[in-house]
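J.:
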Amino acid sequence: MELFHLDTLYDENINYQSNCDLKFNQSGNLETDLSSISKGVIGIILNKDNIGNEVDIDTFFPYFSLLFKGRKEIHAYNTKIMLNENVFFLVNQNVHYKYQITTPFSELMLFFSEDFINSILEKIKDTNPCEIFPKKYLNMNKKDYYYAQLDREVRETAVELIDLYQAEDKTNDFLIRITQEKLFFYLYKKGILNQVLDLSDFLDNDILQQGIKYLNQHFQEDISIEKMCSEIGISFNKFNELFKENMKIKPGHYLIELRMNQARKLLSKSDISVSEVAYQVGYNSLSSFIKRFKAYFKITPKQFQLKNRKQLEQYC
């Protein structure tokens, strides 16, 4: 078991329920298996009876909190926030705050881990993520916490999730996952989640992976970086900057490397004509291919082919 970075008072009489192994240790820390939480959003139902206690919280992941019974008084940066069944609380990672237990309450907590967010982006990889996650919500100044009244869609989805958790039916795991993702999208679409969570890095990485995949799959075609950027929904300058920062090479040079390495393989293993090799690695112009090959390998394609043929004959 690993510490979950949620410090609080230890009380063995408090009832904690979760769909992962979760408990308080004698040091007053909430323990759980981080590998379990990192795979997705974890819902926790807490029922507390020790009225008057003050609890310290240090957040490890951004998370969404909603009471569905009782009240909870939060103290964050000299601000007092009273949560109830109509007010949700959203907090960023690495934030410290306290809350006062004024009455028994039950709470749904949803932890937004990196693995969970990446799993969502993986599911929408065939869609332009910028259409789902509007750019107007990216690169905003992020807050440590945010709270507001529930609207109908968020409330209904949260209630659905609470019902699934309370049912304690293992066959509900799939429905729980879908409902968690549904709530995530609602929170983002409504401009709520982006108050504390910046998806720019996640989306940049997703766009980068899409670009690399596109080049790897289509380098044998007559493509250009500009055309690829248009298809995956990013500006040429932005992709060029992103690619160079992460891959330490310009995307145009990466495309040339793919084509030249494939051309070398074709010329080394067959009697294929140079013109056919040029066509198979995305060049419609034979002269352009020969010029590029010579600049890259310091030898013409035909010379390379003849050299390899002689070496093969000597070996045989």
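For what it's worth, the working numbering labels the leading residue of the sequence shown as -6, then goes sequentially.
Ideal placement from N, C-alpha and C gives every residue a C-beta, glycine not left out.
1) Do F82 and L143 come within 8 Å of each other at the CB atom, strictly closer than that value?
2) So who's on the other strand from E250, going by DSSP bridges?
3) Between F236 and K243, how many whole angstroms is the CB-CB distance? I'm expecting something under 8 Å.
4) Expressed to the nearest angstrom, what Euclidean distance is found between the alpha-carbon atoms of L259 and V270?
5) Mind checking who V48 pairs with in its DSSP beta bridge?
6) Between Y179 and L103, is the Cβ-Cβ spacing less than 8 Å?
7) Alpha helix (DSSP H) containing A271: first to last residue?
8) May I ask which residues mark the beginning and end of the alpha helix (DSSP H) holding F232?
9) Using DSSP with H/G/I as helix, E/B as strand and the rest coil, what is E100?
10) Within a Cβ cutoff of 8 Å, which residues of the same chain sit near S228, ignoring the five residues on either side of it in sequence?
11) Using the three-state DSSP reduction, which class does I113 fall into: helix, strand or coil?
12) Taking DSSP as the reference, what is the three-state secondary structure of F82?
13) When you compare only the Cα positions, how much space is there between I94 and A69?
14) For S28 and K163, what's the separation of their Cα atoms in angstroms?
15) Can you tell me whether DSSP reads Q142 as helix, strand or coil?
16) Exposed or buried, what is L190 when buried is set at 16 or more other beta-carbons lying within 10 Å of its beta-carbon?
17) Select from A160, M75, E238 and R252 the residue whose C-alpha is nearest the C-alpha of F282.
18) Once you ignore the five residues that flank L186 on each side, which residues in its own chain have a CB closer than 6 Å to its CB?
19) For the beta strand (DSSP E) containing I67, list its first residue and its last residue.
20) Is the distance from the Cβ of I218 to the Cβ of Q203 below 8 Å?
21) Determine the DSSP secondary structure at Y56, reduced to helix, strand or coil.
22) Per DSSP, K73 forms a beta bridge with which residues?
23) Which residues in the same chain have their Cβ closer than 6 Å to the Cβ of Y139, if we skip the five residues on either side of it in sequence?
24) When we look at the beta-carbon of G275 and count the other beta-carbons within 10 Å, is it buried (16 or more) or exposed?
25) Round the Cβ separation of D215 and N277 to the nearest angstrom and send it over; I've been treating them as touching at under 8 Å.
26) Which same chain residues, not among the five before or five after K65, have their C-beta less than 6 Å away from its C-beta?
27) Pick helix, strand or coil for K135, following the three-state DSSP scheme.
28) Near L279, which residues of its chain fall below 6 Å by C-beta distance, leaving aside the five closest residues on each side in sequence?
29) Applying the criterion that 16 or more other CB atoms from any shown protein chain within 10 Å of the CB defines a buried residue, is R145 buried or exposed?
30) What does DSSP give as the partner residues of K62 in its beta bridges?
31) Check this for me: beta carbons of N85 and D51, under 8 Å apart or not?
32) On the criterion of 16 or more Cβ atoms from any shown chain inside 10 Å, does R302 qualify as buried, or is it exposed?
33) Measuring only the C-alpha atoms, how far is R148 from L168?
34) For L299, count neighbouring Cβ atoms within 10 angstroms of its own Cβ and tell me buried if that reaches 16, exposed if not.
T.: This is what the structure gives:
1) Not closer than 8 Å, so no.
2) The partner list for E250 (beta bridge, DSSP) is empty, contrary to what the question assumes.
3) Approximately 7 Å separates the beta-carbon atoms of F236 and K243; this is inside 8 Å, confirming the contact.
4) If you take the alpha carbons of L259 and V270, they lie about 7 Å apart.
5) V48 pairs with Y92.
6) Annotated as distal: Y179 and L103, with beta-carbon spacing of 8 Å or more.
7) For A271, the uninterrupted alpha helix (DSSP H) run begins and ends at V267 to Q273, by DSSP.
8) Start and end: F229 to M240.
9) DSSP, read as helix, strand or coil, puts E100 in strand.
10) Result list for S228: C222, in chain order.
11) Taken through DSSP and simplified to helix, strand or coil, I113 comes out as helix.
12) Under the three-state reduction of DSSP, F82 is assigned to strand.
13) Near 15 Å, if we compare the C-alpha coordinates of A69 and I94.
14) In this prediction, S28 scores a pLDDT of 42, lower than 50, which makes its location untrustworthy; no coordinate-derived value is stated.
15) Note: Q142 maps to strand in three-state DSSP.
16) Flag for L190 reads buried.
17) Taking only the C-alpha atoms, the option nearest F282 is R252.
18) Excluding five sequence positions before and after L186, the CB atoms of its chain that fall closer than 6 Å to its own CB belong to L180, given in chain order.
19) Residues K65 to A69.
20) No. Outside cutoff.
21) It is a strand residue.
22) Bridge partners of K73: H68.
23) So the qualifying residues of the chain are L83, Q188 and V189.
24) With 16 or more other Cβ atoms within 10 Å, it is buried.
25) The C-beta separation of D215 from N277 comes to about 6 Å, placing the pair in contact by the 8 Å criterion.
26) Excluding positions up to five away in sequence, the list reads L76, Y92 and F98.
27) Looking at K135 - three-state DSSP - the assignment turns out to be coil, as it is neither helix nor strand.
28) Excluding positions up to five away in sequence, the list reads S268 and A271.
29) R145 comes out exposed.
30) DSSP, once it has assigned bridges, lists S99 as partnering K62.
31) Using a Cβ distance threshold of 8 Å, N85 and D51 do not count as a contacting pair.
32) By the 10 Å Cβ count, R302 comes out exposed.
33) Roughly 17 Å separates the two Cα atoms.
34) The C-beta of L299 has fewer than 16 other C-beta atoms within 10 Å across all chains shown, which makes the residue exposed.
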